[in-house]
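A.B. asks:
Number of protein chains: 2
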Amino acid sequence: MKRTELVRQIRQKKSFLCVGLDTDLEKIPEHFLDYSDPIFEFNKCVIDATAAYTVAYKPNLAFYEAYGLEGWESLQRTMDYLNEKYPQIFTIADAKRGDIGNTSSRYAEAFFGRMDFDAVTVAPYMGEDSVRPFLEYEGKWVILLALTSNKGSLDFQTQMISDEGGPTPLYERVIRRSMEWGTPSNLMYVVGATREEYLTHIREIAPEHFLLVPGVGAQGGSMEKVVQGAGNKELGLLVNSSRGIIYAGQGKDFQRDVENAARLMQAEMSSYL
Amino acid sequence: MKRTELVRQIRQKKSFLCVGLDTDLEKIPEHFLDYSDPIFEFNKCVIDATAAYTVAYKPNLAFYEAYGLEGWESLQRTMDYLNEKYPQIFTIADAKRGDIGNTSSRYAEAFFGRMDFDAVTVAPYMGEDSVRPFLEYEGKWVILLALTSNKGSLDFQTQMISDEGGPTPLYERVIRRSMEWGTPSNLMYVVGATREEYLTHIREIAPEHFLLVPGVGAQGGSMEKVVQGAGNKELGLLVNSSRGIIYAGQGKDFQRDVENAARLMQAEMSSYL
Chain Y
21 MKRTELVRQI
31 RQKKSFLCVG
41 LDTDLEKIPE
51 HFLDYSDPIF
61 EFNKCVIDAT
71 AAYTVAYKPN
81 LAFYEAYGLE
91 GWESLQRTMD
101 YLNEKYPQIF
111 TIADAKRGDI
121 GNTSSRYAEA
131 FFGRMDFDAV
141 TVAPYMGEDS
151 VRPFLEYEGK
161 WVILLALTSN
171 KGSLDFQTQM
181 ISDEGGPTPL
191 YERVIRRSME
201 WGTPSNLMYV
211 VGATREEYLT
221 HIREIAPEHF
231 LLVPGVGAQG
241 GSMEKVVQGA
251 GNKELGLLVN
261 SSRGIIYAGQ
271 GKDFQRDVEN
281 AARLMQAEMS
291 SYL
Chain A
21 MKRTELVRQI
31 RQKKSFLCVG
41 LDTDLEKIPE
51 HFLDYSDPIF
61 EFNKCVIDAT
71 AAYTVAYKPN
81 LAFYEAYGLE
91 GWESLQRTMD
101 YLNEKYPQIF
111 TIADAKRGDI
121 GNTSSRYAEA
131 FFGRMDFDAV
141 TVAPYMGEDS
151 VRPFLEYEGK
161 WVILLALTSN
171 KGSLDFQTQM
181 ISDEGGPTPL
191 YERVIRRSME
201 WGTPSNLMYV
211 VGATREEYLT
221 HIREIAPEHF
231 LLVPGVGAQG
241 GSMEKVVQGA
251 GNKELGLLVN
261 SSRGIIYAGQ
271 GKDFQRDVEN
281 AARLMQAEMS
291 SYL
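In order, the protein sequence lines correspond to chains Y and A. Residue 21 is where the first sequence starts when you use the numbering used here, and the numbers rise one by one after that. Residue 21 is where the second sequence starts when you use the numbering used here, and the numbers rise one by one after that.
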């Protein structure tokens, strides 16, 4: 998907909501377990309930891989459903892949060529040649880990490294170096909402790139602070919510609660658009 | 698999060879394409031809994911075959995963709980809580990326960071920090053979941990230098070869060439054991 289409979607829906499909058989309403593919049936209901308020869906690959072959079938069905029924909605494989060049090419083939995701999350540790193969697909996006929302982000990402222009945190070097590999039209960054103090700084380094922001809600980040700290003239944000939306309800009428949770977030977002 | 069993295998076989199963339909002998599962049938032949000389197999996940559902079926069959016929051989999911804690737990479930790999490669960028869930499985191993064999390893891994004891390259901080999370019995490091100048240094930092060393052969590293630079009293190395072994032959009798390639590497290795 092109950047202009994504920006248009955000304006039309007055939303920058990304719904994370972290689907867990132990957390979905019990009646889904009667289906032959409970994960897909649940995803379908969540998607239908939230599509009006949502500009992106982000299946978290680990949750599908944990169910083996059946999990991959559920993921493929979910992607087929999204690409057929909601082709205008942006899709993100939250896979955090990254390997030497010839291997990253195969991951790109898996997520872009085969499953037709619009974007994939990529880990930067292995450097340029591990990221470039993903950037070679026309109309597809890399979402590179910069500063994540977990405690462990302090172990390495915020460590100061000696750079030409003086000491720089690792995440900043990751952003600055990778801006030489991709453009605001094919490269975004993951920046956790729980790192508010860093959001403004990152927006200064990368004024035009989209930021994918997890951690609003369940992990404690504030939407207002995210927009104030990191919004740009096109907004330039995708704010993700997973558990807070998809597990908003239980029982047969859970879809109403899921829809309400998405509508509430969209309503808050609309005030910034 | 316990460390003592792995060490015993290495002594018995006089080998520290890991064969990388980077199976690519465009590179395997043509006659396999007549099978319903060419990837598994090829892997089976490679495994049978090399098992006498090999202490570990390392399927590269990207090559399986690139074929979608069928790829995952081939991988599952390969693992079932290995675990049934060669249970004493160490198995590594070369997956380079790593995510926030609850997500890493699901990846651990996928590779340890479901597929019964002995080890999984993990990327360190997200820090401690992204690695710990993999370390919680009894008898299973994390192989953490430290210093990889590709050009992009210079982008971040070798950058100097300001640490308490003075400037330290990032890969060294990764090793030192992670040695607080795991032990030589459940944690290894990936160190590329193409980084010979660093091998001795890494062995000083981590005298007891196993190192998984890619890059000997196809990528230009020398076995002798690897052993001299990074061998310890138990040897403490797994040296990986992928393309150099599995694509050593073509045609109907390719198995003979594959076996010879593995035997040659084992013969060189035996002189160090």
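Every residue gets a Cβ at the ideal spot worked out from N, C-alpha and C, and that includes glycine.
(1) Please state if the CB of I112 (chain Y) and the CB of K78 (chain Y) are separated by a distance shorter than 7 angstroms.
(2) To be precise: take each residue of the region 132 to 150 of chain Y, compare its Cβ to all Cβ atoms of chain A, and keep it if any distance is under 7 angstroms. Which residues remain?
(3) Any C-beta of chain A sitting closer than 7 angstroms to the C-beta of G172 (chain Y)?
(4) In or out: Y55 (chain A) buried (at least 16 other Cβ within 10 Å) or exposed?
(5) Which residues of the region 85 to 100 of chain Y have a Cβ closer than 7 angstroms to any Cβ of chain A? Give them in chain order.
(6) Under 8 angstroms, with one C-beta from each stretch per pair, do the region 57 to 74 of chain A and the region 84 to 93 of chain A reach the 3-pair mark?
(7) I'd like to know whether the C-beta atoms of T141 (chain A) and A166 (chain A) end up nearer to each other than 7 angstroms.
(8) Give the straight-line distance between the Cα atoms of K245 (chain Y) and V233 (chain A), rounded to the nearest whole angstrom.
(9) With 16 as the cutoff for other CB atoms within 10 Å, does G271 (chain A) come out buried or exposed?
(10) Distance cutoff 7 angstroms, beta carbons only. Does Q179 (chain A) sit that close to anything in chain Y?
(11) Going by CA-CA distance only, name the one from A:G118, A:Y87, A:T74, A:F132 that's closest to M99 (chain A).
(12) Buried or exposed for T220 (chain A), please, with buried defined as at least 16 other CB atoms from any protein chain shown within 10 angstroms of its CB.
(13) To which residues does DSSP link P227 (chain A) through a beta bridge?
(14) DSSP on A76 (chain A), reduced to helix/strand/coil?
(15) Just list the residues that DSSP pairs L207 (chain Y) with in beta bridges.
(16) Could you have a look at K297 (chain Y) and say whether DSSP puts it in helix, strand or coil?
(17) Could you work out which residues of chain Y lie near A76 (chain A), taking near to mean beta carbons separated by less than 7 angstroms?
(18) With DSSP run on the structure shown, which of helix, strand or coil describes F137 (chain Y)?
(19) To the nearest angstrom, how far is it from the Cα of M243 (chain A) to the Cα of G212 (chain A)?
(20) Give me, in chain order, the residues of the same chain whose beta-carbon lies closer than 8 angstroms to that of F137 (chain A); leave out the 5 immediate sequence neighbours on both sides.
(21) By Cβ distance below 8 angstroms, which residues in the same chain neighbour S169 (chain A) in space, the five residues on each side in sequence not counted?
(22) Terminal residues of the continuous beta strand (DSSP E) containing I112 (chain Y)?
(23) Kindly say whether R126 (chain Y), judged by its beta-carbon, lies nearer than 7 angstroms to any beta-carbon of chain A.
(24) Which of the three DSSP states, helix, strand or coil, is assigned to D183 (chain Y)?
(25) Considering only residues of the region 235 to 283 of chain Y, which uninterrupted beta strand (DSSP E) runs meet the minimum length of 3 residues and lie entirely inside it, listed in chain order?
(26) Is the number of C-beta pairs between the region 31 to 48 of chain Y and the region 22 to 42 of chain A that are closer than 8 angstroms three or more?
(27) Please check the pair R223 (chain Y) and N260 (chain Y), which I expect to be a contact at CB under 8 angstroms, by giving their CB distance rounded to whole angstroms.
C.D. replies: Inspection of the coordinates gives the following:
(1) Remark: C-beta atoms of K78 (chain Y) and I112 (chain Y) approach each other more closely than 7 angstroms.
(2) Listed by position along the chain: R134, A143, P144, Y145, M146, G147, E148, D149, S150.
(3) Taking Cβ atoms only, chain A reaches closer than 7 angstroms to G172 (chain Y), which makes this a yes.
(4) Classification of Y55 (chain A): exposed, given that the 10 Å Cβ count is below 16.
(5) Within the region 85 to 100 of chain Y, contact with chain A at the beta-carbon level (separation under 7 angstroms) is assigned to E85, A86, G88, L89, W92, E93, Q96.
(6) Inter-segment contact for the region 57 to 74 of chain A and the region 84 to 93 of chain A is present: three or more beta-carbon pairs are separated by less than 8 angstroms.
(7) Cβ atoms of T141 (chain A) and A166 (chain A): not closer than 7 angstroms.
(8) The alpha-carbon atoms of K245 (chain Y) and V233 (chain A) are separated by roughly 45 angstroms.
(9) G271 (chain A) comes out exposed.
(10) Answer yes: the Cβ-Cβ gap between Q179 (chain A) and chain Y drops below 7 angstroms somewhere.
(11) Scanning A:G118, A:Y87, A:T74, A:F132 for the CA closest to the CA of M99 (chain A) turns up A:F132.
(12) Exposed: under 16 other Cβ atoms inside 10 Å.
(13) When DSSP reads this structure, P227 (chain A) sits in no beta bridge, so it has no partner.
(14) Note: A76 (chain A) maps to strand in three-state DSSP.
(15) The partner list for L207 (chain Y) (beta bridge, DSSP) reads Y:V162.
(16) Past the edges of chain Y, shown from 21 to 293, lies residue 297 (chain Y), and the structure says nothing about it.
(17) From the beta-carbon of A76 (chain A), no residue of chain Y is found nearer than 7 angstroms; the closest lies around 18 angstroms away.
(18) In the three-state scheme derived from DSSP, where H, G and I count as helix and E and B as strand, F137 (chain Y) is classed as coil.
(19) Spanning the two alpha carbons is a distance of roughly 11 angstroms.
(20) Excluding residues within five positions, the ones whose Cβ falls inside 8 angstroms are M99, T111, I112, A113, F131, K160.
(21) These residues qualify, in order along the chain: G212, A213, T214, R215, P234, G235, Q239, G241.
(22) Bounds of the beta strand (DSSP E) holding I112 (chain Y) are 110 to 117.
(23) At a cut-off of 7 angstroms between beta carbons, R126 (chain Y) contacts chain A.
(24) Strand, per DSSP.
(25) Secondary structure in the region 235 to 283 of chain Y: the beta strand (DSSP E) runs of 3 residues or longer, each lying completely within the stretch, are 257 to 261 in chain order.
(26) No, because fewer than three Cβ pairs between the region 31 to 48 of chain Y and the region 22 to 42 of chain A fall closer than 8 angstroms, the two stretches do not touch.
(27) About 18 angstroms separates the two Cβ atoms, so there is no contact after all.
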